[in-house]
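*Asks:* Quick one: the structure is below, questions incoming.
Protein chains in written order, with this note's numbering: chain A, 32 to 699; chain B, 1378 to 1679.
Take a look at the structure:
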């Protein structure tokens, strides 16, 4: 039942863009039908996933298709867990696009966008419920290609196309690695079916090779630190609800793949867990540091995805270590942190991207330093962004805090329960603390410069609030963030059943999440905090103070302008200097001379360490070397025919019996 | 129950006195009489009766910032034990909530500063969030050491130490952690050598410059929350430094209050004999705090 609901939802989602193709460009019915289809698919899919979480027997459907070896799909709690963000965001994004990317405004690419939006949702849902390598890769490719077409929605802009191509190359490197991995899987297990194998079925070297392939293949999709190079460009240049989907949900498919693959192998070496934990810490720290240096609102949010993937991987690494060292409580807390952060990140990152979309929609710029004071003209968007910002910083009383709490508790529990190994693991806890503080710095900068203060440009001054179709999806996401943050206890059954699937050994009773973490106490304190705030505000309001409106204190300066406000670059400057060694910011300082210098400007930028500093120079070097061959290709047909003649003569020359000539020559 | 009431009472009433003690110490070092010990209370009462001047640039964030800061610091104060008495609220993992509550306070203090659109307050906000990036890891290393020594993840048990009292083996790590925590205390409460609470030159300040535009009751809330924060972080430090208890409740409360006032005197002495560091040298001090706490941790697990 639950599985059929999901299959119907997948069908609906995949078909959602089709009616629009048959209608004229000026018709608004295409977008309405597509949003209706997607909303229906979301409701069906979410109810199917909710039912699938708690069914004891895991339904499986075989397809009578010989060529694919009876490719089949199935549903367990882990699949159901990952289906939630896919369908939630699929539905909300479609509604959001009614206002954000309406057919009236974008008649030439609106239909394409909606077709691939539905396909993206359907592809992800298919890959999550697949139980066979073929179905998995099919869903994976549908997702990857649909995402490519969504990134290049505005294919008239060169930067969109460049970002799209880089994404396409990166995702296919990943797919190729996955093909290799599944081929190895077929070789060692004898089938493409994805079911766990006994721990002695595969030799350790083969397991290690498969693990590394999985790490590269899934890590490229998830945006793990050195493999994240495609991510900022693709997420910044796509339409904002697409960025929300890409950042919030598509990246999680990499995490899903990794979690599912590690579930297949029952006895992993401890090194794997340590490696994932370390990569997670590096991703988390460098992701947020690179985010601080950005001047582009959406690029900045994209780098924060790298950071959050790092936090998710820290949880997963701890769970892996717990599995290797037989510590069920590490597995529970680590995996709870990993899975819950998957949900949380999909909620607050989508929320932030939708808010960013609302800003871009109204002001037509993504540059942080050209905005300002939007909280006055767009109060709803500003409030929603504030919710997202507090959540992504992991601050109480919102949801980001709960998942980080799981990771912290797991790490610290490892230290107090297990001597040296635990102490080695817990070293990443201060790193996580630093990530948190840096995230606060980054979002104070974004929120302060974009929404607070006074408008820096005319477009920021004349901005207006987004339409209701864009505000409602944001509101739903914000409410989800608040509910998870204030009453996390409601999630215990969901997390418990997903973790129980991953534990494999059903004879070991894993402790429940609510036993392992103080969820009641946290929700009580969250409520106390809100109540304290309310009481203090009331107490301060009881008496009516004489209020005086005035200008901001400016030391008596006669003509303040909004240009003298602190900019995003200056807010970030101290941190960028601290992390000079990895960011290597480019500074273009003006040359000022004379008593009355001319107008001058200063410009700084932080380029990506992998793409801009490594891959592109390497690529252009290769291009230069191979440029030598270009002199043979110049478009003159006569010369090409000459090449053919030379080639034929050379080939014929192999028929010449040289040896016989030589022997005859010297025979005399 | 009576202990909890006293805890809340001390938490609410004592903080402004700490500022008075610091100012008196500084005045004594400078050979002045200085303001009376209760001056901060008088200031608070005066501010609460005043009107407010509010910039037209600001939004509700400007008004909510100080209130949220006070709420979070109060809540954090309920998680920290005082003297040998347990904290009113204690649960496994409360140390993380404790640290993150300060993060929430920082978010809103700095956002309220940026709300005014003033470049000075932007500078203060930038400094505040930057230095926090270095003091947070130091605080966490210190908490890790305490968790490891006590084998517990409850702040109350962590700060009270293991059941049998501290052994000689943990003395060296605890000394290092105490030094690190003292630096964190100075940085978080914005005292010399990190920040100068007295200067009126906006370019050199952190905390004071962020609140330039707050006035009247809101400024009173900020002043009170700042002194409360000093008391809360100070009591964490005192648990590491002073482990002596008499065992009698009526003696232990005065003893703890005495320790707090002693800490205020030490801060006053530090402020009197040192100059504020150059802004670009502050990170070195905080990195030193990370190193102290980190080496404390390494000594413990070796």
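No residue lacks a Cβ here, since even glycine has one placed at the ideal position from N, Cα and C.
#1: Can you tell me where the beta strand (DSSP E) with residue 579 of chain A in it begins and where it stops?
#2: With distance defined between alpha-carbon atoms, name the residue in A/424, A/362, A/364 nearest to residue 375 of chain A.
#3: Count the other C-beta atoms from every protein chain shown that fall within 10 angstroms of the C-beta of residue 556 of chain A, then say buried if there are 16 or more, exposed otherwise.
#4: Note down, in chain order, each residue of its chain lying with its Cβ closer than 8 Å to the Cβ of residue 644 of chain A, except the 5 sequence neighbours on either side.
#5: Within the chosen definition, does the region 364-384 of chain A reach the region 269-280 of chain A through at least 3 CB pairs nearer than 8 Å?
#6: Any idea which residues DSSP pairs residue 296 of chain A with across the strands?
#7: Quick one: what does DSSP say residue 105 of chain A is sitting in, helix, strand or coil?
#8: Relative to the C-alpha of residue 1591 of chain B, which candidate in B/1487, B/1557, B/1660 has its C-alpha closest?
#9: Would you say residue 366 of chain A and residue 348 of chain A are within 8 Å of each other, going by their C-beta atoms?
#10: Do you know how far the Cα of residue 1637 of chain B is from the Cα of residue 1395 of chain B?
#11: Taking only beta-carbon positions, decide if residue 1604 of chain B is within less than 8 Å of chain A.
#12: Comparing the C-beta of residue 1549 of chain B with each C-beta of chain A, is any distance below 8 Å?
#13: Mind pulling the chain B residues with CB within less than 8 Å of residue 407 of chain A?
#14: Comparing the C-beta of residue 1536 of chain B with each C-beta of chain A, is any distance below 8 Å?
#15: Hey, would you say residue 251 of chain A sits closer than 8 Å to residue 243 of chain A, going by beta carbons?
#16: Of the residues B/1453, B/1506, B/1536, B/1599, which one's Cα is nearest the Cα of residue 1522 of chain B?
#17: Applying a beta-carbon distance threshold of less than 8 Å, which residues of chain B neighbour residue 595 of chain A?
#18: For residue 522 of chain A, which option in A/81, A/73, A/160 has the closest C-alpha, if you only look at C-alpha atoms?
#19: Are residue 137 of chain A and residue 500 of chain A close, meaning C-beta to C-beta below 8 Å?
#20: Hey, could you find the ends of the alpha helix (DSSP H) residue 1556 of chain B is sitting in?
#21: Between residue 1633 of chain B and residue 1460 of chain B, how many whole angstroms is the CB-CB distance? I'm expecting something under 8 Å.
#22: Listing by chain order, which chain A residues have their CB less than 7 Å from the CB of residue 1568 of chain B?
#23: Buried or exposed for residue 1606 of chain B, going by 16 or more other Cβ atoms inside 10 Å?
#24: For the putative contact between residue 122 of chain A and residue 72 of chain A, defined by C-beta atoms under 8 Å, what is the C-beta separation to the nearest angstrom?
#25: What is the residue span of the alpha helix (DSSP H) that residue 1496 of chain B lies within?
#26: With DSSP run on the structure shown, which of helix, strand or coil describes residue 163 of chain A?
#27: Among A/95, A/372, A/157, A/196, which has the Cα closest to the Cα of residue 37 of chain A?
#28: Below 8 Å, how does it come out for the region 474-487 of chain A and the region 588-607 of chain A: are there three or more Cβ pairs, yes or no?
#29: Since residue 1495 of chain B and residue 583 of chain A are thought to touch, with beta carbons under 8 Å apart, how far apart are those beta carbons, to the nearest angstrom?
#30: Taking residue 464 of chain A as part of the alpha helix (DSSP H), name the residues at either end of that continuous run.
#31: Please report the distance separating the alpha-carbon of residue 311 of chain A from that of residue 61 of chain A.
#32: Using 8 Å as the Cβ pair cut-off and three pairs as the minimum, do the region 404-417 of chain A and the region 457-467 of chain A touch?
#33: Anything in the region 457-469 of chain A with a Cβ closer than 7 Å to a Cβ of chain B? List those residues in chain order, please.
#34: Within 10 angstroms of its Cβ, does residue 1541 of chain B collect 16 or more other Cβ (buried), or is it exposed?
#35: Can you name, in chain order, every residue of its own chain whose Cβ lies under 6 Å from the Cβ of residue 1403 of chain B, other than the five neighbours on each side?
#36: Would you decide whether residue 1573 of chain B is buried or exposed? Buried here means 16 or more other CB atoms lie within 10 Å of its CB.
*Replies:* On the basis of the supplied data:
#1: Translated into the one-based positions of the first chain, residue 579 of chain A becomes position 548. Here the beta strand (DSSP E) through residue 579 of chain A covers 578-581.
#2: Taking the first chain and counting its residues from 1, the one referred to as residue 375 of chain A is at position 344. For residue 375 of chain A, the nearest C-alpha among the options comes from A/424.
#3: For this step, residue 556 of chain A is matched to residue 525 along the first chain. Residue 556 of chain A is buried by the Cβ-count criterion.
#4: Residue mapping note: residue 644 of chain A aligns to position 613 of the first chain, counting from 1. Cβ within range, chain order: 615, 638.
#5: yes
#6: Along the first chain, read from residue 1 onward, the residue named residue 296 of chain A stands at position 265. A/228.
#7: Locating residue 105 of chain A in the first chain gives position 74, counting from the first residue. Three-state result, residue 105 of chain A: strand.
#8: Position 214 of the second chain, counting from 1, holds the residue named residue 1591 of chain B. Here the closest residue by C-alpha is B/1487.
#9: Counting from 1 along the first chain, the entry for residue 366 of chain A is found at position 335. Counting from 1 along the first chain, the entry for residue 348 of chain A is found at position 317. For residue 366 of chain A and residue 348 of chain A, no; Cβs fall outside 8 Å.
#10: Sequence index remark: in the second chain, residue 1395 of chain B carries index 18 (1-based). Sequence index remark: in the second chain, residue 1637 of chain B carries index 260 (1-based). If I take the Cα positions, the gap works out to 8 Å.
#11: Along the second chain, read from residue 1 onward, the residue named residue 1604 of chain B stands at position 227. It does not; no Cβ of chain A falls within 8 Å.
#12: By 1-based counting over the second chain, the position of residue 1549 of chain B is 172. No, residue 1549 of chain B lies away from the interface with chain A (no Cβ there is under 8 Å from its Cβ).
#13: Reading the first chain from its first residue, position 376 is the one you call residue 407 of chain A. 1436, listed in chain order.
#14: By 1-based counting over the second chain, the position of residue 1536 of chain B is 159. Chain A, which has no Cβ nearer than 8 Å to the Cβ of residue 1536 of chain B, makes this no.
#15: Mapped onto the first chain, residue 251 of chain A falls at position 220. Mapped onto the first chain, residue 243 of chain A falls at position 212. Cβ distance not < 8 Å, so residue 251 of chain A and residue 243 of chain A don't count as in contact.
#16: Position 145 of the second chain, counting from 1, holds the residue named residue 1522 of chain B. Residue B/1536 is the option with its Cα nearest to residue 1522 of chain B.
#17: For the purposes of this step, residue 595 of chain A is identified with residue 564 of the first chain, where counting begins at 1. Residues of chain B passing the Cβ test: 1496.
#18: By 1-based counting over the first chain, the position of residue 522 of chain A is 491. Considering only alpha carbons, the answer is A/81.
#19: Residue numbering aside, residue 137 of chain A sits at position 106 when the first chain is read from its first letter. Residue numbering aside, residue 500 of chain A sits at position 469 when the first chain is read from its first letter. In this structure, residue 500 of chain A does not lie closer than 8 Å to residue 137 of chain A by Cβ.
#20: Residue mapping note: residue 1556 of chain B aligns to position 179 of the second chain, counting from 1. Element bounds for residue 1556 of chain B: 1548-1565.
#21: In the second chain, the residue the question calls residue 1633 of chain B occupies position 256. In the second chain, the residue the question calls residue 1460 of chain B occupies position 83. About 3 Å separates the two Cβ atoms, so the contact holds.
#22: As a first step, residue 1568 of chain B must be located in the second chain, where it is residue number 191. Residues of chain A passing the Cβ test: none, with the nearest at roughly 20 Å.
#23: On the second chain, position 229 is the one that residue 1606 of chain B refers to. Looking at its Cβ environment, which holds 16 or more other Cβ atoms inside 10 Å, residue 1606 of chain B is buried.
#24: In the first chain, counting from the first residue as 1, residue 122 of chain A sits at position 91. In the first chain, counting from the first residue as 1, residue 72 of chain A sits at position 41. The Cβ separation is near 7 Å, so the contact holds.
#25: The sequence position of residue 1496 of chain B within the second chain is 119, counting from 1. Where residue 1496 of chain B is concerned, the enclosing alpha helix (DSSP H) stretches over 1496-1527.
#26: Taking the first residue of the first chain as 1, we reach residue 163 of chain A at position 132. Residue 163 of chain A: strand per DSSP, three-state reduction.
#27: Taking the first residue of the first chain as position 1, residue 37 of chain A is located at position 6. Measuring from the Cα of residue 37 of chain A, the nearest candidate turns out to be A/157.
#28: yes
#29: For this step, residue 1495 of chain B is matched to residue 118 along the second chain. For this step, residue 583 of chain A is matched to residue 552 along the first chain. So it is a contact: roughly 5 Å between Cβ atoms.
#30: Taking the first residue of the first chain as position 1, residue 464 of chain A is located at position 433. Start and end: 459-482.
#31: By one-based count along the first chain, residue 311 of chain A stands at place 280. By one-based count along the first chain, residue 61 of chain A stands at place 30. So the two alpha carbons sit approximately 43 Å from each other.
#32: no
#33: 457, 460, 461, 464, 465, 467, 468, 469
#34: By 1-based counting over the second chain, the position of residue 1541 of chain B is 164. The residue is exposed, with fewer than 16 neighbouring Cβ atoms inside 10 Å.
#35: The residue given as residue 1403 of chain B occupies position 26 in the second chain. Cβ within range, chain order: 1645, 1648, 1649.
#36: Position 196 of the second chain, counted from the start, is the residue given in the question as residue 1573 of chain B. Burial call: buried.
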